[in-house]
Amino acid sequence: MVREGPCERTVLRVAGGAFVLSALLLLLLDPGQWPDLETVTGQQALGYFTESLATRQWLGVGAVLALAAWIVSIVAFRQAAVRRQPRGMWGDIVVAAGLLVAVNWMLLGAVVGIPTIVDLESTTPEAAQIWYLLDALDGSFGNVAMVAQLLVAAAVGAAGLRTRLLHRPVAWFAVAVAACPVLSLVTDLARLGSVSTGFFYAALFGFVLVLGATGVSMLVRSRRVAD
38 MVREGPCERT
48 VLRVAGGAFV
58 LSALLLLLLD
68 PGQWPDLETV
78 TGQQALGYFT
88 ESLATRQWLG
98 VGAVLALAAW
108 IVSIVAFRQA
118 AVRRQPRGMW
128 GDIVVAAGLL
138 VAVNWMLLGA
148 VVGIPTIVDL
158 ESTTPEAAQI
168 WYLLDALDGS
178 FGNVAMVAQL
188 LVAAAVGAAG
198 LRTRLLHRPV
208 AWFAVAVAAC
218 PVLSLVTDLA
228 RLGSVSTGFF
238 YAALFGFVLV
248 LGATGVSMLV
258 RSRRVAD
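Heads up, the numbering used here is the position in the sequence shown plus 37, with the first residue counted as 1.
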């Protein structure tokens with residue numbers, strides 16, 4: 038067995054549990070179908086916000102919980118990686134890229150949360166359209182967030198392989214998911230639109246699967262650490 042002491046076991050369990058919680062919350066936090074950003078009228082936007090208020094209240098709470106779990110997971114992962122490889126850089130990359138991911142989630146949380154803290158009955162259609170501009174801002178930041186997710190997945194996979202924090206299949210899966218955004222870009226440049234879209238969604242949903250698999254792997258690894 039790997040003899041790292043009880044502190045190592047605690048770090049692995051905290052990181053693993055936080056990764057699993059982050060993945061579960063991301064799967065549940067689906068805002069549903071929004072009216073088209075380019076054609077929606079202010080009245081349509083206001084009507085949508087009114088109808089989806091209860092759902093958005095849950096999404097706001099869930100987004101805060103997901104953000105907290107995410108911060109705990111990346112910090113604890115870095116701690117676990119540093120304990121096993123003090124001079125390694127992968128844990129630092131996970132934290133740095135993970136903070137960019139967190140910023141994107143904060144933007145999305147702001148868009149989701151605005152209608153829950155204002156009086157919709159006194160809100161004008163023009164104000165509702167401004168909230169849609171915020172949604173466009175979040176979408177424009179999505180490309181940066183995708184790069185950050187690529188770096189997180191790659192660093193998690195590399196750290197998992199070099200430090201044995203993760204089971205090898207999980208680590209290689211993270212590396213494979215990290216390659217998907219690059220393949221999406223390359224196939225898009227090659228005018229292979231459907232293939233590019235496939236790689237894009239593989240990266241999008243694969244990232245959530247990486248988080249869950251990473252968490253489960255770390256929890257299992259923690260059982261092999263001696264007291």
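Virtual Cβ for every residue (Gly too), placed ideally from N, Cα, C. As the structure is a computational prediction, the values presented were derived from the model and not from experiment.
*Taking T161 as part of the alpha helix (DSSP H), name the residues at either end of that continuous run.*
First-last for T161: undefined, no H or E at that position.
*How many angstroms separate the CA atom of R40 from the CA atom of F210?*
Summary for R40: the model assigns pLDDT 44, below 50, so the residue's position carries little reliability, and this model does not support an answer.
*Which first and last residues belong to the alpha helix (DSSP H) in which M255 is found?*
G230 to S259
_Just verifying my parser: in three-state terms, what is the DSSP assignment at V184?_
helix
*Exposed or buried, what is R228 when buried is set at 16 or more other beta-carbons lying within 10 Å of its beta-carbon?*
exposed
*Expressed to the nearest angstrom, what Euclidean distance is found between the alpha-carbon atoms of V124 and V212?*
According to the sequence provided, residue 124 is Arg. The question's Val does not apply to it. When rounded, the distance between both Cα atoms is 21 Å.
_Supposed contact pair V193 and V247 - C-beta distance, whole angstroms, cut 8 Å_ = 7 Å
_Quick check on C217: buried or exposed, where buried means 16 or more other Cβ atoms within 10 Å of its Cβ?_
buried
*Taking just the CA atoms, how far does S259 sit from L203?*
10 Å
*Assuming A185 and A134 make a contact with CB atoms under 8 Å, what is their CB distance in whole Å?*
4 Å
*Mind reading off the beta-carbon distance from A191 to A82? Whole number of angstroms is fine, and I expect it under 8 Å.*
So it is not a contact: roughly 38 Å between Cβ atoms.
*Between the beta-carbon of L256 and the beta-carbon of G79, is there less than 8 Å?*
no
*Mind checking V223: buried by the 16 CB within 10 Å criterion, or exposed?*
exposed
_Looking at Q116: is its Cβ nearer than 8 Å to the Cβ of V48?_
yes
*What residues in its chain sit with their C-beta under 8 Å from that of F236, if we drop five residues either side in the sequence?*
C217, P218, L220, S221 and T224
*Can you tell me whether DSSP reads V48 as helix, strand or coil?*
helix
*Assign V189 to one of three DSSP states: helix, strand, or coil.*
helix
*In terms of residues, what are the limits of the alpha helix (DSSP H) holding A82?*
G79 to E88
*Close-in-space but distant-in-sequence residues of the same chain around L188 (CB under 7 Å, 5 per side omitted)*: I130 and A134
*Helix, strand or coil: which one does DSSP assign to A227?*
coil
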